[in-house]
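In our numbering, the protein residues as written are 12 to 176.
Note that CB positions come from ideal geometry on N, CA and C, so glycine has one too.
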Amino acid sequence: MEVDDLDAAELQRILELATDNDPPAVLAGRGAALVFEKPSNRTRNSMEMAVFALGGHPVYIRAEELGFDTRESVEDATHTLAGYHACVAARVFDHTVLERMAALDLVPVVNLLSDVGHPMQALADVLTLTDEFGDLAGRTVAFVGDGNNVFRSLALAAGLLGAEL
């Protein structure tokens with residue numbers, strides 16, 4: 012759920028798969044729940060297209076539709092979503108929501124953004140950097156902005172690839 016859950020070889024493999032012009036249909040005929048507590052045009056569109064590319068059916072779900080811990084617990088909502096979908100991808104304010112979902116071990120849980128990190132953005136950033144500059148080992152990557160969740164994930168990813176940030 013965060014870049015530091017990966018080792019360098021796993022990150023390299025993800026980047027290789029991301030450049031595959033004929034991705035495997037690992038979600039063929041299956042749903043993917045895209046839960047958004049925090050709206051995002053780019054994340055929603057890129058994730059919907061990614062699910063389509065993998066043969067799946069993205070289902071966009073707004074936070075109000077679930078009512079985490081008001082209408083029902085995160086755990087109960089996750090059980091329901093797992094009954095319909097092959098995975099749950101969520102963009103949340105509080106990282107513990109993702110941890111609670113993942114702890115159930117019902118379906119894979121993907122972090123689309125939390126207060127701790129933004130791993131999907133970091134993957135997109137290092138993919139762009141490696142496309143442009145090749146191997147990042149020994150290179151310096153500059154980040155201009157706040158030391159926030161986006162920075163944290165990029166720093167972890169760049170470090171795994173041997174770059175300095």
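Express the C-alpha separation of residue j and residue i in angstroms, rounding to a whole number.
i	j	result
Ser125	Asn160	7 Å
Glu59	Leu176	31 Å
Val118	Leu109	12 Å
His106	Asp31	30 Å
Val166	Leu172	Here residue 166 is Ala; the residue named in the question, Val, does not match the sequence. One C-alpha to the other measures close to 10 Å.
Ala74	Asn52	15 Å
Val14	Ala64	23 Å
Glu76	Phe144	43 Å
Ser164	Asn56	21 Å
In terms of alpha-carbon separation, which member of the options lies closest to residue i?
i	options	result
Phe79	Glu48, Arg53, Phe154, Thr141	Glu48
Thr141	Ala174, Leu109, Ala61, Asn52	Ala174
His177	Arg111, Gly67, Val70, Tyr71	The chain is shown only over 12 to 176; residue 177 falls outside these bounds and no answer can be derived.
Ala39	Ala93, Gly66, Gly94	Gly66
Phe104	Tyr71, Asn122, Glu21, Asn56	Asn122
Ala93	Leu115, Glu76, Arg82	Leu115
Ala61	Leu26, Ser164, Pro34	Pro34
Ala36	His68, Arg55, Thr81, Phe144	His68
Determine the extent of the beta strand (DSSP E) in which residue i is found, giving its start and end residues.
i	result
Pro130	From DSSP, Pro130 is part of no beta strand (DSSP E) but of the alpha helix (DSSP H) over 130 to 144.
Ala168	Run containing Ala168: none in the beta strand (DSSP E); it sits in the alpha helix (DSSP H), 160 to 171.
Ala101	96 to 102
Phe154	Run containing Phe154: none; DSSP gives neither H nor E here.
How close, in whole Å, do the beta carbons of residue i and residue j come, if the pair is a contact with beta carbons under 8 Å?
i	j	result
Ala168	Val137	5 Å
Met12	Ala113	6 Å
Counting along the chain, where does the alpha helix (DSSP H) carrying residue i start and finish?
i	result
Leu117	Looking at the DSSP string, Leu117 is not in any alpha helix (DSSP H), and its letter there is neither H nor E.
Ala61	52 to 64
(message) Three or more C-beta pairs under 8 Å: does that hold for the region 36 to 52 against the region 98 to 109?
(response) Judged by Cβ distances under 8 Å, the region 36 to 52 makes contact with the region 98 to 109, as three or more pairs qualify.
(message) I'd like to know if the region 144 to 164 and the region 85 to 96 are in contact, where contact means that at least 3 CB-CB pairs between them fall below 8 Å.
(response) The region 144 to 164 makes no contact with the region 85 to 96: fewer than 3 CB pairs, one atom from each, lie closer than 8 Å.
(message) Taking 8 Å as the cut-off, does the region 117 to 131 touch the region 145 to 152 (at least 3 CB pairs, one atom from each stretch)?
(response) Contact between the region 145 to 152 and the region 117 to 131 is absent, because fewer than three Cβ pairs lie under 8 Å.
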